[in-house]
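So the structure is just underneath, and the comments pick up after that.
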Amino acid sequence: MKVWLEDTLTGLRASYLRELRAYFATPLAYVFIAIFLMMLGFFTWEASRFFDTGAADLSPFFYWHPWLFMIFLPALSMRLWADEGADGTAELLLSLPMTITGLATGKLLAAWTVAALSLVFTFPMWITVNYLGSPDNASIMLTYMMSLVMAGAYLSIGAAVSALVNSQVLAYIIGVVIAFAFTAAGWPMVTGAVAGMLGAAVGDLVAQFSFLTHFETAERGVLEFRSFLFFIGFVALWLALNVIWVSQRRSAAR
Amino acid sequence: MTPRAFQPAATALIVAIFVAVVLILQPVMRGARADFTEQKLYTLSDGTKNVLRSIDEPVDLTFVYTRRTGQEYPAVRAYATRIRELLDAYKAVAGPDLRIREIDPEPFSEAEDEALAAGIVAVDTDGSDPLYFGLIGGNTVDDERVIPFLAPEQEETLEYDLTRLIARLDRPEPPTVGVLSTLQGMSGDGRDSGYTFLQEIAKSFTLKEINEDFFSLPEDMDVLVMVHPPVLNDWQAWLVDQFILRQGRAIILVDPAAKTSQGSAFAGMGERQIRSDLGRFGDVWGVTLSDDALADTETALPIQAEAGEGRTTVLRHPLYLAAPPALMSHDSLITADLGRTVNFGAPGALILDEESPFETEVLVRTGPAPSWIPADRAVTELSAQDTLELYEAQDTAQPLAIRLHGALVSAFPDGAPTPDMPDDAVLAELARAEAEKSPPHISTSERDAEILIVSDADMVDDGLYVNLENSTAFADNGNFLMNALDVLSGDANLLSLRARASSRRPMTRVEAMRDAAQERFFDEQARLESSLEQSQARLQELQQVGSTDGFFEGDLKANLNDEERAELTQLREDIVETRSRLRSIERDFRREIDGLESWLKFINIFGGPIIIGAIGLFVWWRRRPGARA
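This is the structure we're talking about:
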């Protein structure tokens, strides 16, 4: 057990640093963050007409987080494992004295760090509302935190999927589709349709698995513990799937 | 197990565990939450908890919600979830005495009949079935109170509304309101005569009329309403004083110039009481009524006035004030939801003693530059013109309505006075019997007082806020007073709910800019418009001179001398220029705000990417081949 823990931590540290360096060695992370910020700003100011709402309130800004995460974050995690398979480095990596759990966690944390950086660089928005009026900063901080946790959930989907397929593009597409399913499950259009076909109770049940549903209370400034646990559990689920799918590959390689 | 079979099996197992845990945990953990909002918008207040803990008889709440239809509207769906969870929270505090159920009134179902019978509104939705979204409350004696439609916009007062509903159901007999007034319209039982306000009181409360020469107050009175009260003798003042120390709930409308006061029974014959004030209470509470009345040009109410020769015209009369919601407190439940003006007729000002130990809150105030008008003039049929002649603008807004709150002390430090007995022996005997019923003297509040003081008694007059043709209100005078009564007659628990501030957080900077621009541009606009008018008048004058004599010669300027011709040309140029400046002012009005918007938009859309780009370039520059020298 102790050895396993040590191997896990070594793997975590090694893969975290390696992946993080990989993100910033190429322009990928920079371009990714820049485009993400631009889109978020655009949707907040043009689509939601933030300024015309006349309220020093970031809800038109946070509203777009799940939807943009759905598009952008699979792009961040698509290369985590797909690359290893393509380059043939997986075999080398997996032969090292590190556990897969440690490796997978490290990779996910690296991507999560990039997502966190993107959120940090939305600080002009926070300064703007404070300049325009007096917003409720405690609740804004909570929403940011939940948004970050939710970003982890989106990333974990992409990471696990990338372990399943060898192509980055395929990993991205499947990642977006799954992310869309978990986002749209709470979308009124979808829940309405589900409720219409299978009854209102099923509609509510489906909505319980949606990121939108769980993010919604945080947007209002309320930390719902079950929502927090949902996201954490969701990350754990996909991390476990990730480990299973990678170890499958390792045993197949042997 | 072969490796090939292991993967799908393990995947399915883990997913199944996750789904099961979510389905079990989600309902279990419902309500476990931490409220990060500054005003704790999503936490039950102590007032609600107190009401819920003290329910005596079981109260039934039925939440009526058409799920299928509601699901199509995000706002309604989210609000339904909120209500369901709020009700759960209520249930958790109240225990078995609060029974909650939900019905889903699908078309032609029994549930729909139940909802309709209770008076739940069927909201028309295009295409699909009607939406029922309301709440029915009932108690063991078959009283029913209903919220016909739970409007998502009213989330702010949701807790207050729900708690009030429960409190009313728990205590079915309505509170008793005693009314003391010298105004004719405020006396009587309110069944089918008197002011609309009096009739409204009679509808919602048990109304007790208090005679001007009272020797005792109604025993079980919950709220005392005094509208332009008579001058109280010592004994009467002591009774009022003791009531306020014991019950602490009063609405007092006083007036330095009561325009609607009719005089006593023999119409106009008796001495007409123009002024009423707070008497000896004023000194104790630190609130006194001004001697003079107030006029205010900013909030002047448009009224019908004689225009001579039997015609009438509508003009703004500064002695009639129409205080808009902007001049009311947004924090107090009494005024927070009022959307229309509250109208006053020659009100006074409430002068607050800074050193008063009691908490006061101004609910309604005048515009920034009211003027004093002597009460003896204000009470006559003073025309708008005459009022403006007397007008001397002051530089501070004056309070028109305040809320006084706190533990008070008696205005009778030496104890109860002896009642003045009538000369008639029989009456004196009756009076003595009445007086003996009064409870012993106390010198400080038994319960925190909650008093609304308004500096105008005329505001209860129907003429100021009710359209007599269809008896609908055009101003919020009635709502203001009924809100106050609702708030005061509920128990103290409801009052504490009122402290909840609005969750609206406006962009104050933009609003300030808009106000400043408005002020600047309105001044300029008014100046330009008046100079335009003058120029046009002068132009017409000159043209008239020209046309009378020069008309037949075809030269309109024939009869003007050179100077006048030059002036004519000049005037025309002026007019053209003024007009174009007026147009540009209208354009300028939003220019600064638009400028701010485009700047902020630019910073927020491109600021982050630019910083990221700069960091990227810097890293690239440091790492480029040969950078390490």
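Those protein sequences? They're chains A and B, same order as listed.
Numbers 1 to 254, taken from the numbering used here, label the letters of the first sequence in order.
Numbers 1001 to 1629, taken from the numbering used here, label the letters of the second sequence in order.
Here a beta-carbon is modelled for each residue, glycine too, at the ideal position from N, C-alpha and C.
Legend entry - Euclidean distance between Cα positions of M1513 (chain B) and L1327 (chain B): Residue 1513 (chain B) sits at position 513 when you count from the first residue of the second sequence. Residue 1327 (chain B) sits at position 327 when you count from the first residue of the second sequence. In a straight line, the C-alpha of M1513 (chain B) is about 19 Å away from that of L1327 (chain B).
Legend entry - Proximal residues to G1613 (chain B) (C-beta, below 8 Å), its chain only, five neighbours per side dropped: Working through the second sequence from its first residue, we reach residue 1613 (chain B) at position 613. For G1613 (chain B), same chain residues with a beta-carbon under 8 Å away, outside a window of 5 residues either side, do not exist.
Inset, instruction - Using the Cα positions of I1166 (chain B) and G221 (chain A), report the straight-line distance between them to the nearest angstrom. - result: Locating residue 1166 (chain B) in the second sequence gives position 166, where the first residue counts as 1. Locating residue 221 (chain A) in the first sequence gives position 221, where the first residue counts as 1. Cα to Cα, the separation comes out at about 27 Å.
Legend entry - Distance between W1285 (chain B) and L1198 (chain B) (C-alpha atoms, nearest Å): In the second sequence, the residue the question calls residue 1198 (chain B) occupies position 198. In the second sequence, the residue the question calls residue 1285 (chain B) occupies position 285. Cα to Cα, the separation comes out at about 27 Å.
Inset, instruction - Indicate, with yes or no, if the ligand ATP has a heavy atom lying under 6 Å from the CB of T1081 (chain B). - result: Within the structure as shown, the ligand ATP is missing, as the structure has no ligands at all.
Legend entry - Enclosing alpha helix (DSSP H) for T1418 (chain B) [first to last residue]: Here the question's residue 1418 (chain B) lines up with position 418 in the second sequence. Unbroken run through T1418 (chain B): none, as it is neither H nor E.
Legend entry - C-alpha gap between L1617 (chain B) and T26 (chain A), whole angstroms: Position 617 of the second sequence, counting from 1, holds the residue named residue 1617 (chain B). Position 26 of the first sequence, counting from 1, holds the residue named residue 26 (chain A). Whole-angstrom Cα-Cα distance: 12 Å.
Legend entry - Within 7 Å, strictly: CB atoms of Q1026 (chain B) and R226 (chain A): On the second sequence, residue 1026 (chain B) is found 26 positions in, with the first residue counted as 1. On the first sequence, residue 226 (chain A) is found 226 positions in, with the first residue counted as 1. The beta carbons of Q1026 (chain B) and R226 (chain A) sit closer together than 7 Å.
Legend entry - D1360 (chain B), buried or exposed, once every other Cβ within 10 Å from all chains shown has been counted against 16: Within the second sequence, numbered from 1, the residue matching residue 1360 (chain B) stands at position 360. Sequence inspection shows Thr at residue 1360 (chain B); the Asp mentioned does not correspond to that position. Its Cβ being crowded by 16 or more others within 10 Å, T1360 (chain B) is buried.
Legend entry - CB contact check: A185 (chain A) to chain B, cutoff 7 Å: Translated into the one-based positions of the first sequence, residue 185 (chain A) becomes position 185. So no, A185 (chain A) is outside the interface.
Inset, instruction - Return helix, strand or coil for F1108 (chain B), following the three-state DSSP convention. - result: Translated into positions along the second sequence, residue 1108 (chain B) becomes position 108. Coil at F1108 (chain B), not helix or strand.
Legend entry - Backbone CA spacing between P1318 (chain B) and G186 (chain A) [nearest angstrom]: Here the question's residue 1318 (chain B) lines up with position 318 in the second sequence. Here the question's residue 186 (chain A) lines up with position 186 in the first sequence. Taking C-alpha positions only, P1318 (chain B) is separated from G186 (chain A) by approximately 56 Å.
Legend entry - Proximity below 7 Å, CB of G286 (chain A) to CB of P74 (chain A): It is not possible to answer for residue 286 (chain A), since the shown part of chain A is limited to 1 through 254.
Legend entry - W245 (chain A) versus A153 (chain A) - alpha carbon distance: The residue you call residue 245 (chain A) lines up with position 245 of the first sequence. The residue you call residue 153 (chain A) lines up with position 153 of the first sequence. Here the alpha carbon of W245 (chain A) sits roughly 18 Å from the alpha carbon of A153 (chain A).
Legend entry - Beta carbon proximity, A1034 (chain B) to chain A, threshold 7 Å: As a first step, residue 1034 (chain B) is located in the second sequence; it is residue number 34 there, counting from the start. It does: the Cβ of A1034 (chain B) has a partner Cβ on chain A nearer than 7 Å.
Legend entry - Sequence-distant residues of its chain with Cβ nearer than 6 Å to T1444 (chain B) (five each side left out): Translated into positions along the second sequence, residue 1444 (chain B) becomes position 444. Counting only residues of its own chain and dropping the five nearest sequence neighbours on each side, T1444 (chain B) has a CB closer than 6 Å to the CB of V1409.
Inset, instruction - On the DSSP bridge assignment, give the partners of W1372 (chain B) in chain order. - result: Here residue 1372 (chain B) is taken as the residue at index 372 of the second sequence, counted from 1. Bridge pairing for W1372 (chain B): B:L1294 [DSSP].
Legend entry - Positions along the region 221–242 of chain A whose CB lies within less than 7 Å of some CB in chain B: The residues in question are G221, V222, L223, E224, F225, R226, L229, F230, G233, L237, A240 and L241.
Inset, instruction - Taking C-beta pairs closer than 7 Å, name the residues in chain B that Y131 (chain A) reaches, listed in chain order. - result: Working through the first sequence from its first residue, we reach residue 131 (chain A) at position 131. In chain order: R1509.
Inset, instruction - Would you mind reading off the limits of the alpha helix (DSSP H) that contains V1426 (chain B)? - result: Here the question's residue 1426 (chain B) lines up with position 426 in the second sequence. Annotation: the continuous alpha helix (DSSP H) that includes V1426 (chain B) extends over A1425 to E1436.
Legend entry - Any C-beta of chain A under 7 Å from that of S1411 (chain B): Translated into the one-based positions of the second sequence, residue 1411 (chain B) becomes position 411. Here the sequence assigns Ala to residue 1411 (chain B), which means Ser is not the residue at that position. Under the 7 Å criterion on CB atoms, A1411 (chain B) is classed as non-interfacial with respect to chain A.
Legend entry - Residue burial classification, W1621 (chain B) (beta-carbon count within 10 angstroms, cutoff 16): By 1-based counting over the second sequence, the position of residue 1621 (chain B) is 621. By the 10 Å Cβ count, W1621 (chain B) comes out exposed.
Inset, instruction - Pick helix, strand or coil for R1624 (chain B), following the three-state DSSP scheme. - result: Start at 1 with the first residue of the second sequence, and residue 1624 (chain B) comes out as number 624. It is coil, neither helix nor strand.
Legend entry - Assigned secondary structure, S167 (chain A) (DSSP; H/G/I helix, E/B strand, else coil): As a working mapping, residue 167 (chain A) is identified with position 167 in the first sequence. The answer is coil: DSSP assigns S167 (chain A) none of H, G, I, E or B.
Legend entry - Residues of its chain near E216 (chain A), where Cβ-Cβ distance is below 8 Å and the 5 sequence neighbours each way are ignored: On the first sequence, residue 216 (chain A) is found 216 positions in, with the first residue counted as 1. Listed in chain order, the non-local C-beta contacts of E216 (chain A) below 8 Å within the same chain comprise G186, local neighbours out to five positions each way being set aside.
Inset, instruction - Anything in the region 128–160 of chain A with a Cβ closer than 7 Å to a Cβ of chain B? List those residues in chain order, please. - result: Hits within the stretch, in order: T128, Y131, L132, G133, S134, P135, D136, A138, S139 and L142.
Inset, instruction - Please go through the same chain and pick out, in chain order, the residues whose beta-carbon is closer than 8 Å to the beta-carbon of F1243 (chain B), but skip the five residues on each side of it. - result: Indexing the second sequence from 1 puts residue 1243 (chain B) at position 243. Closer than 8 Å at the Cβ level, and outside the excluded window around F1243 (chain B), lie L1217, M1221, L1224 and A1250.
Inset, instruction - Return no unless some Cβ of chain A is closer than 7 Å to the Cβ of P1609 (chain B). - result: Mapped onto the second sequence, residue 1609 (chain B) falls at position 609. True, the Cβ-Cβ gap to chain A drops below 7 Å.
Legend entry - Per-residue contacts from P27 (chain A) into chain B (C-beta, under 7 Å): Residue numbering aside, residue 27 (chain A) sits at position 27 when the first sequence is read from its first letter. Per Cβ cutoff of 7 Å: G1616.
Legend entry - With 16 other Cβ atoms within 10 Å as the buried cut-off, status of Q1398 (chain B): For this step, residue 1398 (chain B) is matched to residue 398 along the second sequence. So Q1398 (chain B) counts as buried.
Inset, instruction - Measure the alpha-carbon distance for L170 (chain A) versus V1015 (chain B) and round it to whole angstroms. - result: Indexing the first sequence from 1 puts residue 170 (chain A) at position 170. Indexing the second sequence from 1 puts residue 1015 (chain B) at position 15. If you draw a straight line from the Cα of L170 (chain A) to the Cα of V1015 (chain B), it comes to about 22 Å.
Legend entry - Counted within 10 angstroms of its Cβ, other Cβ atoms place M1 (chain A) as buried (16 or more) or exposed: In the first sequence, residue 1 (chain A) corresponds to position 1, counting from 1. Per the 10 Å Cβ criterion, exposed.
Legend entry - N137 (chain A) - DSSP class collapsed to helix/strand/coil: Here residue 137 (chain A) refers to the residue found at position 137 when the first sequence is read from its first residue. Helix, per DSSP.
Inset, instruction - Please decide whether F42 (chain A) counts as near chain B, where near means a Cβ-Cβ distance under 7 Å. - result: What you label residue 42 (chain A) is simply residue 42 of the first sequence in a count that begins at 1. Yes, its Cβ sits closer than 7 Å to a Cβ of chain B.
Inset, instruction - Tell me, please, whether the region 1121–1139 of chain B touches the region 1056–1076 of chain B by the rule of three or more beta-carbon pairs shorter than 8 Å. - result: Yes: the two stretches touch, three or more of their Cβ pairs being nearer than 8 Å.
Inset, instruction - Spell out the partners DSSP gives A207 (chain A) in its beta bridges. - result: Within the first sequence, numbered from 1, the residue matching residue 207 (chain A) stands at position 207. DSSP output for A207 (chain A) lists no bridge partner at all.
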